[in-house]
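*Asks:* For the sequence shown, the residue numbers in UniProt numbering are 1 to 334.
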Amino acid sequence: MVRNEIRIPLQADIVVTGKCHCKCWHCFRIKDNREDLTFEEIENTLKELHDMGTATVGITGGEPMLRKDIKDILRLIPNDMEGQLYTTGHNIDDEFAMFLKTTNVTRVIISLDHYQEEVANKMRNYHNAFAEAKNAIKTLVSHGIYTAITVCITEELLDEEKLNEYFKNANELKPDEIRIILPIPQGNLEGNNVTRLYSDAIRFIKNIKEKNKKNPELPGIVNFCEFESAGYMGCGAGANYISINNDGLVTPCVAVPLSFGNIREKSLKEIFESMAAYFPKSSRICYGKLSGKVMARLNTDTSITPLNPEMSKIVACNCTKSKHRATIFDCFVS
1 MVRNEIRIPL QADIVVTGKC HCKCWHCFRI KDNREDLTFE EIENTLKELH DMGTATVGIT
61 GGEPMLRKDI KDILRLIPND MEGQLYTTGH NIDDEFAMFL KTTNVTRVII SLDHYQEEVA
121 NKMRNYHNAF AEAKNAIKTL VSHGIYTAIT VCITEELLDE EKLNEYFKNA NELKPDEIRI
181 ILPIPQGNLE GNNVTRLYSD AIRFIKNIKE KNKKNPELPG IVNFCEFESA GYMGCGAGAN
241 YISINNDGLV TPCVAVPLSF GNIREKSLKE IFESMAAYFP KSSRICYGKL SGKVMARLNT
301 DTSITPLNPE MSKIVACNCT KSKHRATIFD CFVS
């Protein structure tokens, strides 16, 4: 695939709903309240992704657990495709956990913003956010379902004592993994300069991981900013990863408000192939940060996102991506 420059959407996310009971501080989907995909449209999308070679599909939102047919949707994930469920933990109980074990969902990723209940609830603008997340994590773990906790780093958590306190509290829930992500300047954070936070966080979290790597009590700690950096996997947006929005628009990443066609009008394969003009291969640079800067520079009207395909192409043409892939791909090129 690497040597022959073949583009395959190895990973894809399907946004099954734009609805959510939370109003999170860092949400990049805050302006999206359009009509959701029908069950039949989701079914057809999964079939197309399977035919295109997708290995992993994420079921996300909004809050996917708000869909009344969420169980039927999860049952659609094919046997040779790995499913992931991204959720706040809303409505997850023992019965749902037992149901998950009958599907091809191999892991559940739950957001937990802080180790203090009051702070976590405030960050999500929802009075029960902390309790729902903790209860869901405990429930899933008790049923042997691979469970990852996601925390979006803030300036406050860039403190060794506080981050270690977060790890300590998260570890008490016995998750399989803690994922550390960084805010993207889209949605609620549109126009924010996160460059310094990114650079500080990469160094800080790398140091914390090094100190804790021999601690057998902690689960695996994955710093996604480092994982998706030029020195590792890079950014596969639009080339090896795509997202299908809840209104059918196809975007290069769930966090990038650009669209290149609608599955209600064209086949997913046709749209993906047309994106090769802007995403010929994976890059060394996060496209979420890159496109955010370009939209700010162009003074782009973002009152409605994702942007329509015409405006998206203008933004994409102004995004100067690196000519080379991330370091890991050097292993596959002789």
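Glycine is no exception: its CB is placed at the ideal position from the N, C-alpha and C atoms.
Computed from a predicted model, the values in this text were never measured in an experiment.
1. What does the alpha-carbon distance come out to for the pair Ile42 and Thr60?
2. Nearest by alpha-carbon distance to Leu10: which of Pro78, Ile92, Asn240, Pro309 is it?
3. Between Thr147, Cys152, Cys253, Asp69, which lies nearest to Ile14 when the distance is taken from Cα to Cα?
4. Using 8 Å as the threshold, is the C-beta distance between Phe272 and Met52 below it?
5. For the alpha helix (DSSP H) containing Asp72, list its first residue and its last residue.
6. In terms of alpha-carbon separation, which member of Asp247, Thr45, Leu268, Asp200 lies closest to Pro306?
7. Assign Thr102 to buried or exposed, taking buried as 16 or more other Cβ atoms, counted over all protein chains shown, within 10 Å of its Cβ.
8. Output the distance between the C-alpha atoms of Asp200 and Pro183, rounded to the nearest integer angstrom.
9. Quick check: what's the CA-CA separation for Cys319 versus Gly288?
10. On a CA-only basis, which of Ile92, Lys71, Asp93 is nearest Gly83? Give me that one, please.
11. Look at Cys22 and Asn135 and say whether their C-beta atoms are less than 8 Å apart.
12. At the level of alpha carbons, what is the spacing between Arg67 and Gly58?
13. Considering just the uninterrupted stretch of the beta strand (DSSP E) at Gly83, what are its terminal residues?
14. Does DSSP put Leu249 in a helix, in a strand, or in coil?
15. Per DSSP, what are the beta-bridge partners of Tyr166 in this structure?
16. What does the alpha-carbon distance come out to for the pair Phe279 and Asp94?
17. Rounded to whole angstroms, how far is the Cβ of Ile137 from the Cβ of Thr150, which I believe are closer than 8 Å?
18. When the Cα atoms are used, what is the spatial distance from Gly261 to Thr56?
19. What residues in its chain sit with their C-beta under 7 Å from that of Arg75, if we drop five residues either side in the sequence?
20. Please classify Ile263: is it buried, with 16 or more other beta-carbons within 10 angstroms of its beta-carbon, or exposed?
21. Classify Asp36 as helix, strand or coil using the three-state DSSP reduction.
22. Thinking C-alpha only, which one of Glu117, Gly292, Asn215, Val16 is nearest Glu132?
23. Between the C-alpha atoms of Tyr115 and Asn223, what's the straight-line distance to the nearest angstrom?
24. Using a threshold of 8 Å, state whether the C-beta atoms of Ala12 and Leu49 are closer than that.
25. Whole angstroms is fine: what's the gap from Thr38's alpha carbon to Asp159's?
26. According to DSSP, is Leu10 part of a helix, a strand, or is it coil?
27. Can you say whether Leu298 is buried or exposed, counting buried as having 16 or more other CB atoms within 10 angstroms of its CB?
28. In whole angstroms, what is the alpha-carbon distance linking Ile92 and Lys266?
29. Could you check if Asn79 is buried or exposed, using at least 16 other CB atoms within 10 Å of its CB as the buried criterion?
30. How would you write the range of the alpha helix (DSSP H) that Val294 sits in, first residue to last?
*Replies:* Result, derived from the coordinates:
1. 12 Å
2. Asn240
3. Cys253
4. yes
5. 70–75
6. Asp247
7. exposed
8. 13 Å
9. 11 Å
10. Lys71
11. no
12. 15 Å
13. 82–87
14. strand
15. Tyr166 pairs with nothing; no bridge assigned.
16. 42 Å
17. In fact, because the Cβ distance is near 11 Å, the residues do not count as touching under 8 Å.
18. 22 Å
19. Thr103
20. buried
21. coil
22. Glu117
23. 18 Å
24. yes
25. 44 Å
26. coil
27. exposed
28. 35 Å
29. exposed
30. 287–297
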